[in-house]
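For what it's worth, our numbering labels the leading residue of the sequence shown as 76, then goes sequentially.
Written below as structure tokens is the structure these notes are about.
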Amino acid sequence: MHASLKKLRFSVKPIPVEGDRPVELARTMAVHPLTYQELPYDPEYSVYAGRLTPEKMSNATPDEMYWKARQEIIFRHTGEHPYQIAGPDALALLQRIFPRDVSKVKTGRCSYQFACYDDGGMITDGLLLRVADDVFWFAQADGDLFSWYKAHAIGLDVTISDPDVWVSQIQGPRSMELLEHLLDGDMPSPWGYFDWTEVSMAGEKVIISRTGFTNELGWEIYFRPENNIEMLGDLVLEEGAKKGMILTATPGFRCRRIEAGLLSAGQDFTPDTTPFSVGLGKFIDFDSGDFVGRNALMVTDKPCRSWGIRVEGGIALRGHTLEQNGKIVGRVTSSTWSPYQVCGVGIVHLTGADLGPGDIVDVHCNDGNLHRAELCTLPMYDPKGELVRGINTTIPRAPEPWGGIQSAARPATVT
């Protein structure tokens, strides 16, 4: 890459229409209906699943967004793209697409799912909602599944469509308090993790799910075309602000999702990785049927090669920047600074399975230097997911710094 390009970032910026002959782009970039709420904060966007998602806003620093998610509440308009799979053979199609048994997902429940190519490489992942017995929504991450559905629907009585549904997240310890305040009636009951339900809010019927991408307590709202989206969005923002809520962009969840081990499509897994190599093998059900990629996954290597990383005094550069004894041993797929652990954190994918949690490596960092780092398990804390389930209601009031690499640890570089 040319040196000049390494010093630039490329983003999408909202530009006012000029004159009576506005520039027509070759491909329209779809914006969330509530994007206008972000415009006062000089937002920058990236294209995600065919939609725009906010990458940067000026209303808060990344650290402030992080602590809002951990201590209070955040509001984020996502780029997740729900597609609808409906018809008598909807379940049969999804059993072909996903390695995890979809038949076990009941109406009113959600399920984490991912799709693979025939060679076992990963396409994308997302959240599946069973809306009715023969109607499903799959709110997908970045990637193209619409064409994949079409290609594998031959001979099936099924319709794949875009229901024009948009997703926003309300996350943080005070998220359920806000939901209870917004509802016209009582809180849903039961209302377990990965449940979805239809509720009444300001006289509008809306679908909400007890899910999110922070691993903090939270819920998501699915705005349908029949909803008065602006009225509902403004209501959530206004009432949430009274409880400390702010709008956030990607920095509001990047560190938290890394700490929680939530993988990002196209970064932490790609067409060159299998579910086993990135630690998702537990979601594969070989008895669910002849899903795409089954034969390859049955014979592929099973050891996990994706782990977390904590860095001493730096933030790891993404890419093939991970070394041991001067030899490249893997790539950093996600990286940032943790205000809570007070160190650089990331997710790495190793070239082999001989290294793992507790091993010490060297990593190139954004300050131009090589820093020592330690591989760790994911999630980095809260291994049982008690925060997201509302079991652990402890709110961190201050950082809990990582203790660093202990003197007894094996050094990264042997001289």
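Glycine included, each C-beta is placed from N, C-alpha and C at the ideal position.
Three or more pairs of CB atoms, one per stretch, sit closer than 8 Å, so the region 113-131 contacts the region 148-160. Buried is the label assigned to Arg205, since at least 16 other Cβ atoms lie within 10 Å of its Cβ.
Following the DSSP letters along the chain, one finds Met197 inside the beta strand (DSSP E) bounded by residues 197-207.
Looking from the CA of Arg126, the closest CA among Gln159, Ala161, Asp239 belongs to Asp239. Separation of Arg84 and Pro265 (C-alpha to C-alpha, rounded to the nearest whole angstrom) is 45 Å.
It is roughly 33 Å from the alpha-carbon of Leu337 to the alpha-carbon of Ile229. 8 Å or more divides the Cβ of Leu109 from the Cβ of Pro89. Boundaries of the beta strand (DSSP E) around Val404: 402-413. Apart from the 5 residues on each side of it in sequence, Ser243 sits with its Cβ closer than 8 Å to the Cβ of His107, Leu109, Phe150, Arg151, His152, Thr153, Glu295, Ile296, Phe298, Gly308, Val311 in its chain, given in chain order. Classified as buried, Glu291 has 16 or more neighbouring CB atoms from the shown chains inside 10 Å of its CB.
Considering only Ala161, Ala277, Ala391, the residue with the shortest C-alpha distance to Asn302 is Ala277. If you draw a straight line from the Cα of Gln481 to the Cα of Phe221, it is about 49 Å long. Residue pairing by DSSP puts Phe344 in a beta bridge opposite Ala340.
Leu397 and Gly356 have their C-alpha atoms roughly 24 Å apart. In terms of Cα proximity to Thr199, the closest of Thr468, Thr469, His446, Thr349 is Thr349. DSSP places Tyr111 in the helix class (H, G or I) of the three-state scheme. Gly293 counts as buried, since no fewer than 16 other beta carbons sit within 10 angstroms of its beta carbon.
The beta carbon of Pro378 sits closer than 8 Å to those of Phe351, Ser352, Ala428, all from its chain and outside the five residues before and after it, given in chain order. In the three-state DSSP reduction, Lys131 falls in the strand class (E or B).
Leu310: member of the alpha helix (DSSP H) spanning 304-316, first to last residue. Thr323 and Ala144 have their C-alpha atoms roughly 9 Å apart. Of Phe189, Pro458, Tyr116, the smallest CA-CA separation from Ala335 is found for Pro458. Check the Cα spacing between Ser250 and each of Pro476, Gly433, Thr136, Ile321: the tightest is with Ile321.
Here the alpha carbon of Ile359 sits roughly 34 Å from the alpha carbon of His439. Separation of Pro137 and Arg369 (C-alpha to C-alpha, rounded to the nearest whole angstrom) is 40 Å. Remark: three or more beta-carbon pairs, one from each stretch, lie closer than 8 Å, so the region 370-390 and the region 420-427 are flagged as touching. For Cys418, the enclosing beta strand (DSSP E) stretches over residues 418-425. Bounds of the alpha helix (DSSP H) holding Gly327 are 326-335.
Separation of Gln215 and Met373 (C-alpha to C-alpha, rounded to the nearest whole angstrom) is 25 Å.
Beta-bridge partners of Val281 (DSSP): Val274. Within a 10 Å sphere around the beta-carbon of Met104 sit fewer than 16 other beta-carbons, which makes this residue exposed.
In this structure, Pro346 and Tyr192 form a Cβ contact; the two beta carbons are roughly 6 Å apart against a cut-off of 8 Å.
According to DSSP, Val122 shares a beta bridge with Leu127. Contact between Arg329 and Thr411 holds, since their C-beta atoms are separated by about 5 Å, short of 8 Å. When DSSP reads this structure, Val87 sits in a beta bridge with Tyr120.
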